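Following: one structure in structure tokens, then a few remarks.
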Amino acid sequence: MNKVLSTLSVAIGLVLLMPGFSGRAQVYADRSTQLDKYLVPVTTPTAAPDAQGFLGRWLLLEPISKPNRSNTVFVDSYIREVFGQEYFKGQLGDVLPKDGAKVKMTVEYQPPVNLQGGRPSFNQPPQYEQKKVTLKWHAFDSKMPNVKLFRFATNLTEDRYGVIFWACTVVNCEEDIPNVRLAVGSNSASMWWVNGEEAVILSGDRRRVMDDCASPRLTLKKGRNVIWGAVINGPGMSDFCCRFIDEAGKPVKNITLSVQ
Amino acid sequence: MKTKNILLAGAFALFSLSAAAQVGAPYIHDPSTIMECDGKYYTFGTGGGGLISEDGWVWNGGAVRPGGGAAPDAIKIGDRYLVGYSATGGGLGGGHAGRILTMWNKTLDPNSPDFAYTDPIEVAHSEVDEDCDAIDIGFLMDPNGRLFCTFGTYFGNIRMVELDPATGARKEGAQDVDVAIDCEASTMMYQDGWYYLLGTHGTCCDGVNSTYNIIVGRSRSPFGPFLDNVGRDMLQGGGKMVVAAEERRFGAGHFGRFIVEPGVEKMSFHWEGDLDLSGRSTLAIRPILWKNGWPEAGEILQDGNYKILSRRRGYALELTVDFVRAQGGMRGFGRQANEPVVVLENQKLEEVIGGWPAGNIPVRANDYMARPHQQWTIEAVPEAGGYLGGPWYKIVIQGTNRALAAVEGHELTTVPEFTGADEQLWRIEQLIDGTWRIVPKAIPGCHHPEKFCLYSVADSTPTLARFDFNNDNAKWDIKAR
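Those protein sequence lines, which keep their order, are chains A and B.
At position 163 of the first sequence (counting the first as 1) the number is 163 in the working numbering, and the numbers step up by one without a gap.
At position 288 of the second sequence (counting the first as 1) the number is 288 in the working numbering, and the numbers step up by one without a gap.
Structural data, given as structure tokens:
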């Protein structure tokens, strides 16, 4: 038995030494879904990007109900139209909302469907209703490379599917950083702006993929750079990951993040 | 009328196969390894003289090599060119007292004031009746700075001897070594710790009936033994095929290697007979592919309809337009076995083009769904010339003239109409791993567009960035549809 264990240890050791083995610790399955596994309140003035350059500090608005039964509707023209609407004052502005600020609006929503008679046919038009809601901004630091919007929603709000999330942050630079790109992955479609200019759009039924779409080359200017993003999803998980990459595809890390 | 028909047929053949062979007057036999000198390309042939090209695609006569004789080769050493050739004893049914000669020149441009060959030096020879015919020289400078040459024909053995790279003469004390049997046009190349010996088998010098073909073996030593892919020694006739006949061109012979840059390699050789060029012997250039440690000929991209897939993710290059749902819709998961089978058609261009913007449309990469905005026609643009071994191409959405174009800032777009502007022309060539790189002829505001290629900066975001063979972001698969 000892011989078997010894052989096994040697084998494992050899595997660890093999080229291409990342050395990353095993990620054990964790069934918990509480908020602080994903997002924690901001407690410091600034935060650095993570080791891979992902931007973790964000102001997140509780989800705006926008029911869609399928993500295949998220073509470019649709998401431009949806994100082109004004949902709150200061949207895409240079001044970020305050942590805890509230937004009132009337939204469409899908009332619970009685599935006793089976799933409703896709060929029947959906029955949406309207409701008045008060949504709150939250300043969070993400504990993961991706910002888990779905768990933000399930822990703090009642709407989780068929929703729009708005997010914003400030990227602080000590000097101009030219020729970088905002690289984004999102579930599902999303649109992103840097200093008021559209930077990148992710249309279609997207999955959260690191560096899925990238903006054209842009310059992060010395001082404050305001980043806005909007993510829309029908059924399924919602999240996003953002980072700036340079010409070589390497993460930009000489920046800090704040929500003011 | 009959003559007219023949001319028309000939013109059609030239047009339809325009990307398959060098253009201009590329007539040559036994071309030497292509040399670049002051921005022009040169190759020399049997009988003296040779070809010059401004761009590597359009070739015409004009190169100058004195001495006549057979089957030259050339190599650049330092800032000089060493040219070798052979004074044949008759070859084939004639005598076999051959002489291998080398000479230097500072330039290959016959119009340069520096153009002057040194007196030729004999570096090897064969007696009239020994088992070797000392013609068909091929040079190799290995990574250690050692210079070798091979020579010989079907009459006995292929031999190798070491030369002095400073003088081009036979290295003092060097002895001829037999490395193969019954080949012609041998040469060596070095790759990843292996010495490769290339030779030509088959029938020479009979136009479109020549069965000439290029084969290879390899060894860890420049002195052999050179074994093929099944372990046969080339001294026993072994050899793995590198390039053989194509549908319209026959008799591949006289290999030469040209490394454009890491990951981009070309082979030069001749076709003994090209049906599209009167059955004459012509210069050929093809990409070199390296597969499992063996070289083989790649392709020149032919006019056709293609999907262009990123090696990074496998996504397809497409117009940035709304995805339009195709007929068929969501069918659920029922199993109604008695429902009649209906064959649905692919989405057609006319069903969607009305929804596309009229002006420039950006591009992106996305899941391939065989949709019109992902279907490209790639065609050579004959009047635009080319580059080493290929013509400039246009890349348009199939059924339209909407063309892929480079724009200022090293980015991409599509323009509604192809105009032939340089930023709408693309160098498309196969890399040594069989993938493709796509390089714009011009990028507005950029002085060195040749260094940039179609590049996946993100899975779904193509751009123009510097080519790096070791990066899949710089590579594409181009697959016929």
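The C-beta atom is built at its ideal place from N, Cα and C for all residues, glycine as well.
Please read all numbers here as calculations on a predicted model, not as lab measurements.
Give me the chain A residues within the contact set of residue i, using Cβ-Cβ distance strictly less than 7 Å, ordered along the chain.
| i | result |
| --- | --- |
| residue 460(B) | 212 and 213 |
| residue 339(B) | Going along chain A, no residue has its Cβ under 7 Å from residue 339(B), so there is no contact; the nearest lies around 17 Å. |
Measuring only between beta-carbons, confirm whether residue i sits less than 7 Å from chain A.
| i | result |
| --- | --- |
| residue 14(B) | Any reading at residue 14(B) must be qualified, since the residue scores a pLDDT of 41, below 50, and its modelled position is unreliable; no value is offered. |
| residue 363(B) | no |
| residue 192(B) | no |
| residue 457(B) | yes |
| residue 351(B) | no |
Would you say residue i lies against chain B (beta-carbon separation less than 7 Å)?
| i | result |
| --- | --- |
| residue 241(A) | no |
| residue 216(A) | yes |
| residue 194(A) | no |
| residue 259(A) | no |
| residue 20(A) | Here the model assigns residue 20(A) a pLDDT of 48, short of 50, so the residue's position is not dependable, and the following value carries that caveat. Judged by the 7 Å Cβ criterion, residue 20(A) is not in contact with chain B. |
Residues of chain B with CB under 8 Å from residue i, in chain order?
| i | result |
| --- | --- |
| residue 129(A) | Those do not exist, as residue 129(A) stays about 24 Å from chain B at its closest Cβ, beyond 8 Å. |
| residue 209(A) | 459 |
| residue 249(A) | 457 and 473 |
With burial defined as no fewer than 16 other Cβ atoms inside 10 Å of the residue's Cβ, what is the status of residue i: buried or exposed?
| i | result |
| --- | --- |
| residue 25(A) | exposed |
| residue 116(B) | exposed |
| residue 169(B) | exposed |
| residue 291(B) | exposed |
| residue 429(B) | buried |
| residue 415(B) | buried |
| residue 257(B) | buried |
| residue 344(B) | exposed |
| residue 70(A) | exposed |
| residue 255(A) | buried |
| residue 57(A) | buried |
| residue 52(A) | exposed |
| residue 178(A) | exposed |
| residue 380(B) | buried |
| residue 394(B) | buried |
| residue 480(B) | exposed |
Kindly list, in the order they appear in chain A, the residues whose Cβ is closer than 9 Å to that of residue i.
| i | result |
| --- | --- |
| residue 129(B) | Under the 9 Å cutoff, chain A gives no residues; its nearest Cβ is about 57 Å from residue 129(B). |
| residue 409(B) | 216 and 217 |
Check the Cβ of residue i against every Cβ in chain B and list those closer than 9 Å, keeping chain order.
| i | result |
| --- | --- |
| residue 76(A) | 320, 321, 322 and 323 |
| residue 181(A) | 457, 458, 461 and 463 |
Considering only their Cβ atoms, is the gap separating residue j from residue i smaller than 7 Å?
| i | j | result |
| --- | --- | --- |
| residue 63(A) | residue 159(A) | yes |
| residue 385(B) | residue 59(B) | no |
| residue 214(A) | residue 461(B) | yes |
| residue 65(B) | residue 84(B) | no |
| residue 188(A) | residue 206(A) | yes |
| residue 441(B) | residue 476(B) | no |
| residue 267(B) | residue 255(B) | yes |
| residue 98(B) | residue 88(B) | yes |
| residue 139(A) | residue 99(A) | yes |
| residue 96(A) | residue 59(A) | yes |
| residue 27(B) | residue 280(B) | yes |
| residue 218(B) | residue 196(B) | yes |
| residue 227(A) | residue 259(A) | no |
| residue 140(B) | residue 163(B) | no |
| residue 166(A) | residue 61(A) | yes |
| residue 154(B) | residue 182(B) | yes |
| residue 133(A) | residue 107(A) | yes |
| residue 133(B) | residue 157(B) | no |
| residue 298(B) | residue 286(B) | yes |
For residue i, which beta-bridge partners are listed by DSSP?
| i | result |
| --- | --- |
| residue 138(B) | 150(B) |
| residue 241(B) | 215(B) |
| residue 138(A) | 60(A) |
| residue 446(B) | Paired residues: none, contrary to the question. |
| residue 27(B) | 282(B) |
| residue 99(B) | 87(B) and 125(B) |
| residue 130(A) | 108(A) |
| residue 264(B) | 261(B) |
| residue 37(B) | 40(B) |
| residue 308(B) | 478(B) |
Kindly list, in the order they appear in chain B, the residues whose Cβ is closer than 7 Å to that of residue i.
| i | result |
| --- | --- |
| residue 175(A) | Chain B residues near residue 175(A): none, gap ~21 Å exceeds 7 Å. |
| residue 158(A) | In chain order: nothing, as chain B lies at least about 28 Å away. |
For residue i, return the contacting residues in chain A, with the cut-off set at a CB-CB distance below 8 Å.
| i | result |
| --- | --- |
| residue 366(B) | 204 |
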